[in-house]
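Please read the structure below before turning to the comments.
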Amino acid sequence: MRLLSKIVLAAVLAHPAPALAQAPKKAVAPAAVQNEFSDFLTKFRAALKADDPAAVAGLAQLPFGSDEPVRDAAQFRAKVYTPKFTAKNRTCLQHEKAIYARDGDNNDTYAIFCGELIFTFTKTPTGFHFTDIGVND
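Here you go:
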């Protein structure tokens, strides 16, 4: 009986569960989504390089935010652009790689991490838009 127990234990230890043996797969955007986002990001980065809050607001999904939604370009500049798009963050957004994922609603999204902030871009029926700034915790 002891021999049988040892054989069973050895078999279990020799064959780890498949879920443990496989690394989680990284999400990869379809080529059409990658191309569409690349075009959007080129425009977004050009607006940042020009330090043009109105152009960035034009690439954002308005109303922007959920606490006190920003409804127009003037509010966007005052409440979002000026405090969040510092020179340091604009430089970061120019150079950091965007990371693809699917959100809880199954939308294609990209995020760029800059220090304590996460800048999120979401594919909508009208194309990609800048949709959120979150805290990088």
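Count along the sequence shown starting at 1, add 4, and that's the number in my numbering. Glycine included, every Cβ here is placed at the ideal spot set by N, Cα and C.
Looking at the DSSP output, HIS133 bridges to THR126. If the five residues before and after LYS47 are omitted, its C-beta is found closer than 7 Å to the C-beta atoms of LEU63, all from its own chain and listed in chain order. Here ASP112 is buried: its Cβ has 16 or more other Cβ atoms, across all protein chains shown, within 10 Å.
ASP43 sits in a helix when the DSSP states are folded into three classes. ALA50 sits away from ALA61, with the two beta carbons spaced by 7 Å or more. In chain order, CYS118 place their CB closer than 6 Å to the CB of CYS96, counting only its own chain and leaving out the 5 sequence neighbours on each side. PHE125 sits close to PHE132, with the two beta carbons spaced by under 7 Å. DSSP lists no beta-bridge partner residue for PHE80.
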